[in-house]
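The next block holds one structure in the form of structure tokens; read it before the comments.
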Amino acid sequence: MLNRKIYTIFFAFSLWAALFIYGCGDDSTSSATEQNGNAFIYDTVYVNDSVFNIDTLKILDTLYRIDTVFVDSIIGVLVLNHDTIYLKDSAVIADTAKMKSVLSFKELKYCFDEWEGNRVYTVTSGYTYVCKDEQWVLDRTEPYALTNGTITGVAQKGPFMFHSVINLTELYGDSLSKTTRSYTDEVSGNKGDFVIPAVTLENGIVSMEASGRYYNEVTGTWTTTYMTLQSLVEISAGDQKKVGRTKANINILTHLEYDRVLKLYRMGYSLAAAKKQAQQEIMNAFGFPTKITNAEDLDLFSTANNNGVLMTISLLFLRDLSDSLTAEEISHFRQDIAEDGLWQDSAQKIAMADWAYSFDKNIVRASVSSWNIAEIAYFDNSMNDFWQNAYGIGKCTSTRNAEVMKNQNPNSSNKDRYFICRYGSAWDSATTYEKDTYGWKNDEMGAVKKGSATDSFYVYNGTWSYDPLQTLFQKCDSTKIGMILLDTLSNLYKICRESGIDDATALEYNTYQWEAGTPGEIKTGSVNPDYYYYYVADSAWREAKTVEVDTYQWEDGVDGDVKIGSVNTRNCYIYSVDSWQATATTMCDTYGWADGTEGEFKAGNINTTIIYVWDSDESAWREAKDEFEKNYGACTTNREGEEIPVKACTMSCTEKEWSRATFTDSRDGQKYTYVTIGTQTWMAENLNFVPTVESGQSWCYAGSSPVQSTSPCSERGRYYRWNAALNKTRSSCGYGASCSYSTPIQGSCPAGWHIPTRAEWNTLISFVQTEYSNAVYALRATTTWTTSDNATNDYGFDLKAYGSNPYSNGSFSNVGSRADYWTADQYSSNNGYYIYFSSSSSTTEYADKDDARNIRCVKD
């Protein structure tokens with residue numbers, strides 16, 4: 019048979035929507051004028067019920083070319099949906115009643131004599147059939163690429179999610195356009211694994227697609243949008259002469275090369291050559307020395323060579339972008355590289371490089387570990403290679419140890435960053451010192467030099483070292499003599515002198531760059547406005563004296579005039595002997611005052627915040643010593659013994675000093691302060707009386723141990739057994755004895771005072787609570803407590819944490835944390851009631867009568 023090339027094309031008629039091609043065997047039958055009632059004429063195309071006259075010799079002028087098909091006959095059969103066209107160089111010979119529409123093998127019901135040997139390509143199956151012995155049989159002159167085979171692989175951007183769609187479509191070998199033969203399956207493994215069974219391919223070149231959500235290697239989460247990745251690959255079963263391929267992966271690299279491979283193939287490259295060329299161009303674009311021939315062999319989760327490159331490129335497109343932006347970046351690169359094999363978008367490349375430089379690679383490893391996948395491709399080297407090449411610094415090797423390089427890419431966000439080849443193994447950020455002094459040679463001692471990269475200055479003293487002060491002045495030389503600058507490290511002002519850099523005096527930095535003044539002029543310092551400076555005639559600025567500052571620009575006065583200072587208002591000046599002179603502040607504030615009366619106090623004439631009191635002992639006004647004098651006047655001889663109630667306390671004028679009032683215990687001469695709170699008057703310190711009824715029933719505090727003493731104890735007061743508190747013998751009221759008595763009971767208290775009952779303690783606490791939210795805080799002293807931050811001692815009650823001495827314990831307990839006091843109430847023959855105060859609360863309990871505790875007396 020003579021092979022003829024027939025160009026199959028779309029008719030330019032809106033009647034037809036799709037084109038299918040059939041090749042039929044040569045029929046040598048001559049033309050006829052009529053068959054089955056249908057008339058045929060020369061050079062005619064018959065389309066079912068329509069007749070069009072078309073010169074088949076000029077068919078290309080009438081129809082649009084879309085593809086080229088080789089057939090074994092001179093007869094071509096074109097099917098457009100349900101319209102069948104039969105062409106021959108001179109006439110149409112066919113039984114149109116029996117061959118209207120041949121879309122699938124099932125419709126080839128008849129193989130009649132006229133079609134013996136004819137071949138037909140069916141649309142839906144993609145197979146070619148021949149009419150032989152009145153039966154349609156599968157026709158194949160060459161062996162099929164794959165018959166009933168299984169295709170496996172992995173689909174990865176990160177791994178595609180389970181059930182993501184995998185599609186395999188056979189392509190025409192001449193143009194790589196899609197045939198209608200395709201197979202569909204889905205992802206079935208956590209690495210993106212898929213299996214496509216029962217695949218038969220006439221031509222081994224196929225297009226594979228994965229579509230679905232994928233696991234983001236950076237965020238460790240599933241994407242929210244779908245992505246489609248493609249792969250061009252040649253599938254074959256293989257034989258003794260050729261290694262077959264039935265495993266092919268779909269990944270970012272197979273997708274990026276896709277359009278470029280198509281273009282190269284249609285330019286005449288073989289598929290293998292086109293893929294090799296496209297991958298080399300992609301590797302060149304990313305600056306990788308790696309050679310990759312078949313991207314479909316790569317797997318993110320394989321530690322074999324070159325898989326790290328796949329992981330790196332996958333991560334570079336992800337970065338910190340959204341799903342949609344990642345897809346746009348991938349599409350943009352694919353289109354860019356497809357045109358001429360070059361990556362023209364430098365902005366996209368440097369954005370990737372800046373991200374790669376700062377990216378923590380352990381994030382990916384942690385993400386993958388959470389997927390229960392043991393290993394991933396080692397991508398550190400290729401990731402580093404990428405940003406290093408993009409920055410123009412190359413690879414750090416042993417021959418470049420300690421070399422310093424600046425980022426050469428002016429569009430990088432790290433364009434001003436310097437790198438050092440650390441230990442000849444990896445680039446690291448260079449320190450300021452490293453980038454400034456790289457390549458410097460030795461110099462003379464004391465030499466000063468500006469850094470190569472920054473404005474820092476260095477001094478040579480056997481080695482180059484950073485000098486912060488030379489940096490501050492940008493080198494102190496003859497042009498900088500007299501310059502003063504603030505050194506922020508020391509917060510001191512420095513001056514450049516001929517001898518070098520030195521600390522500037524306050525006069526120097528406060529008057530720096532001042533012009534000459536007028537004689538006697540005073541100005542505040544430029545740095546310290548509280549400093550004043552005086553200009554000396556025909557000389558210079560000096561520090562002003564206080565009197566010069568306070569009386570600056572004052573008019574002359576009359577002898578005896580007084581005024582307070584203009585600046586220092588607590589200073590007082592008197593005009594005398596033709597000038598203003600300093601004098602006591604009291605003179606200004608009390609100028610013109612008459613003698614006061616006993617207890618009189620008032621604010622100063624000028625310094626109204628100062629309170630003056632009339633001191634009759636001195637016959638003069640003087641400044642009040644304390645807050646009490648400001649409100650009640652001076653304690654003078656004439657007021658000796660005067661008492662003034664103040665809140666809970668009573669203040670007494672004693673020996674010209676105000677102090678808290680006391681009363682004296684007539685029994686031993688002990689003096690006690692007291693306070694009045696509500697309707698009660700309490701001792702403001704612990705009782706210190708030695709019981710007279712029986713000795714050995716009270717103790718003093720000596721370190722952590724109790725001691726017997728017939729003398730008064732320290733300020734802590736004495737620690738009494740319960741019977742001693744009542745001034746009773748141990749045999750009558752102590753442990754084991756039921757004590758008979760009535761309350762109130764004086765006990766060991768002074769005359770006119772008694773041991774308080776539980777009820778009286780509760781009365782005290784209840785009253786304080788009407789004035790303060792926490793009664794204990796208001797009663798506690800601000801000292802002796804281990805926790806005293808909340809104590810206010812508002813009444814002067816001075817509740818101190820002196821603890822107690824339990825009978826069963828040879829030492830004191832709760833010192834610093836509790837104040838314990840006996841009450842006059844008996845619980846049983848063995849126990850008495852006591853009250854104790856912790857840092858914020860009070861509690862009444864009973865305890866062994868032999869325990870030793872303090873006593874506070876309350877007035878009858």
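If you read the sequence shown in the working numbering, its first letter stands for residue 19, the second for the next number, and so on. Where is the CB? At the ideal position from N, CA and C, for every residue including glycine.
Contact defined as beta carbons within less than 8 Å: I believe residue i pairs with residue j. What is the distance between those atoms, to the nearest angstrom?
{"i": "D838", "j": "N872", "result": "6 Å"}
{"i": "G326", "j": "S400", "result": "5 Å"}
{"i": "F619", "j": "Y609", "result": "Going by Cβ atoms, the distance from F619 to Y609 rounds to 17 Å, so no, they are not a contact pair."}
{"i": "N706", "j": "G659", "result": "The pair is not a contact, with the Cβ atoms about 24 Å apart (cut-off 8 Å)."}
{"i": "T564", "j": "N528", "result": "About 16 Å separates the two Cβ atoms, so there is no contact after all."}
{"i": "Y456", "j": "V422", "result": "4 Å"}
{"i": "W840", "j": "W740", "result": "6 Å"}
Does DSSP classify residue i as helix, strand or coil?
{"i": "E526", "result": "helix"}
{"i": "N872", "result": "strand"}
{"i": "R435", "result": "coil"}
{"i": "Y283", "result": "helix"}
{"i": "Y630", "result": "strand"}
{"i": "F491", "result": "helix"}
{"i": "G326", "result": "helix"}
{"i": "A420", "result": "coil"}
{"i": "Q295", "result": "helix"}
{"i": "P486", "result": "helix"}
{"i": "L316", "result": "coil"}
{"i": "T603", "result": "helix"}
{"i": "C751", "result": "helix"}
{"i": "N425", "result": "coil"}
{"i": "W559", "result": "strand"}
{"i": "D505", "result": "strand"}
{"i": "A408", "result": "helix"}
{"i": "W740", "result": "helix"}
{"i": "L705", "result": "coil"}
{"i": "I695", "result": "strand"}
{"i": "R278", "result": "helix"}
{"i": "D866", "result": "strand"}
To the nearest angstrom, how far is the alpha carbon of residue i from that of residue j?
{"i": "G410", "j": "I368", "result": "11 Å"}
{"i": "P161", "j": "N136", "result": "20 Å"}
{"i": "G222", "j": "I268", "result": "17 Å"}
{"i": "Y738", "j": "S857", "result": "23 Å"}
{"i": "N704", "j": "E733", "result": "8 Å"}
{"i": "G754", "j": "S784", "result": "33 Å"}
{"i": "I270", "j": "P177", "result": "11 Å"}
{"i": "V786", "j": "I695", "result": "8 Å"}
{"i": "C439", "j": "V386", "result": "31 Å"}
{"i": "L748", "j": "S758", "result": "The sequence given here has Arg at residue 748, not Leu. Cα to Cα, R748 sits roughly 13 Å from S758."}
{"i": "D812", "j": "D635", "result": "33 Å"}
{"i": "V63", "j": "A173", "result": "Here the model assigns V63 a pLDDT of 38, short of 50, so the residue's position is not dependable and the matter cannot be decided."}
{"i": "L334", "j": "N380", "result": "15 Å"}
{"i": "N419", "j": "A465", "result": "27 Å"}
{"i": "V833", "j": "Y854", "result": "12 Å"}
{"i": "E641", "j": "A652", "result": "10 Å"}
{"i": "S254", "j": "R263", "result": "5 Å"}
{"i": "G230", "j": "H350", "result": "20 Å"}
{"i": "A296", "j": "A228", "result": "21 Å"}
Could you pull the start and end residues of the alpha helix (DSSP H) that residue i belongs to?
{"i": "Y609", "result": "Taken as a continuous stretch (DSSP letters only), Y609 belongs to no alpha helix (DSSP H), as it is neither H nor E."}
{"i": "T841", "result": "Segment A837 to Q844 is the beta strand (DSSP E) holding T841; no alpha helix (DSSP H) there."}
{"i": "S387", "result": "N380 to S387"}
{"i": "D454", "result": "T450 to T455"}
{"i": "G352", "result": "Strictly speaking, residue 352 in this sequence is Arg, with Gly absent from that position. Start and end: D341 to D358."}
{"i": "A793", "result": "A793 to L797"}
{"i": "Q698", "result": "Taken as a continuous stretch (DSSP letters only), Q698 belongs to no alpha helix (DSSP H), being part of the beta strand (DSSP E) at Q698 to M701."}
{"i": "M370", "result": "S364 to S376"}
{"i": "N649", "result": "E645 to Y650"}
Span of the beta strand (DSSP E) holding residue i?
{"i": "Q787", "result": "That residue, Q787, is in no beta strand (DSSP E); its alpha helix (DSSP H) goes R776 to E789."}
{"i": "D521", "result": "G518 to D521"}
{"i": "Y570", "result": "Per DSSP, Y570 belongs to no beta strand (DSSP E) and is neither H nor E."}
{"i": "A720", "result": "S716 to A720"}
{"i": "K467", "result": "V466 to K468"}
inquiry  = In chain order, what are the residue ranges of uninterrupted alpha helix (DSSP H) at least 4 long that sit wholly in the segment 168-229?
reply    = As far as the segment 168-229 is concerned, it has no whole alpha helix (DSSP H) run of at least 4 residues.
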